[in-house]
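Asks: Going by my numbering, the sequence shown opens with residue 595, and the numbers climb by one from there.
For glycine and all other residues, C-beta sits at the position ideal for the given N, C-alpha and C.
Owing to the predicted nature of the structure, the values given are computational and were not obtained by experimental measurement.
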Amino acid sequence: MTPSKRLMDLGLALILAVVLILPIAIIAVWILLRDGRPVFYPSERMKGVNQPFTLWKFRTMRSDRNDTGVSGGYKSARITRTGRALRGKRLDELPQLYNILKGDMSFVGPRPVVRLEMHKYGIHRPIYTSVKPGVTGLWQVSGRNDISYEERVQLDVDYVKSMTFMFDLGLMLKTVQVVVVPTGK
Numbered sequence: 595m596t597p598s599k600r601l602m603d604l605g606l607a608l609i610l611a612v613v614l615i616l617p618i619a620i621i622a623v624w625i626l627l628r629d630g631r632p633v634f635y636p637s638e639r640m641k642g643v644n645q646p647f648t649l650w651k652f653r654t655m656r657s658d659r660n661d662t663g664v665s666g667g668y669k670s671a672r673i674t675r676t677g678r679a680l681r682g683k684r685l686d687e688l689p690q691l692y693n694i695l696k697g698d699m700s701f702v703g704p705r706p707v708v709r710l711e712m713h714k715y716g717i718h719r720p721i722y723t724s725v726k727p728g729v730t731g732l733w734q735v736s737g738r739n740d741i742s743y744e745e746r747v748q749l750d751v752d753y754v755k756s757m758t759f760m761f762d763l764g765l766m767l768k769t770v771q772v773v774v775v776p777t778g779k
């Protein structure tokens, strides 16, 4: 990560943290009152080869394990009503500001993957791990779950090869557009 990209991430994250502290607190209280604890969901993701980090999100799924008999739409059946509302506008990802401030993530980059997904990058793994993962990136503005994993890998490789300040700025603006008018899941 270039020093200027890190400075942009830090500056923007600090501004957004100040601006969004009240909405983040309101969402946390909303989850606590409607769905109970925990409010945040930690997930181990990879930021490099053998470099795990904890990605933080608002919890959007049920925390109990008593509903494991659901077949078919198991994951969607576990999403809380609060979670559906948060995911719809991607507000569940607001705690990732902490990941940016801490230096585990960038605003723009490849989407962070779990350890078991690293093999899907194959020969492109060194390219993927050469930059910090991002809250947004080409995959997020190109259809998200409507594209194959192979296309996702290629988008991540394309991003790393095309990474510039203006490209990042364009992807951030496109992200705002995608969140306002969502297309993918």
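Starting from Arg631, trace the alpha helix (DSSP H) both ways and give me its first and last residue.
Replies: Neither: Arg631 is in no alpha helix (DSSP H) and is coded neither H nor E.
Asks: Could you tell me how far apart the beta carbons of Pro646 and Arg639 are, in whole angstroms, since I believe they sit closer than 8 Å?
Replies: Their Cβ separation, rounded to whole angstroms, is 7 Å, which keeps Pro646 and Arg639 in contact under 8 Å.
Asks: Pairs of beta-carbons, one from the segment 728 to 738 and one from the segment 696 to 716, closer than 8 Å: are there three or more?
Replies: Yes, they touch.
Asks: Check the C-beta distance from Leu685 over to Ile621 and give it rounded, since I have them as a contact under 8 Å.
Replies: About 6 Å separates the two Cβ atoms, so the contact holds.
Asks: Is it the case that the Cβ atoms of Arg656 and Arg672 are separated by a distance below 7 Å?
Replies: Yes. Within cutoff.
Asks: Check Ile621 in the structure and name its three-state DSSP category.
Replies: Residue state, collapsed to three classes: helix.
Asks: Any chance the segment 711 to 722 sits against the segment 677 to 692, with 3 or more Cβ pairs inside 8 Å?
Replies: Too few Cβ pairs lie closer than 8 Å, so no.
Asks: Could you tell me the boundaries of the alpha helix (DSSP H) in which Leu680 lies?
Replies: Looking at the DSSP string, the run of the alpha helix (DSSP H) that includes Leu680 is 675 to 682.
Asks: Looking at the C-beta of Leu685, does it have a partner C-beta in chain D at a distance below 7 Å?
Replies: Among the chains in the structure shown there is no chain D, since it carries only a single protein chain.
Asks: Starting from Ser765 and walking both ways along the alpha helix (DSSP H), at which residues does that stretch end?
Replies: Note that residue 765 is Leu in the sequence shown, not Ser. 759 to 774 is the span of the alpha helix (DSSP H), which, as asked, contains Leu765.
Asks: By Cβ distance below 6 Å, which residues in the same chain neighbour Asp629 in space, the five residues on each side in sequence not counted?
Replies: For Asp629, where only same-chain residues beyond five positions count, the Cβ hits under 6 Å are Thr674, Thr676.
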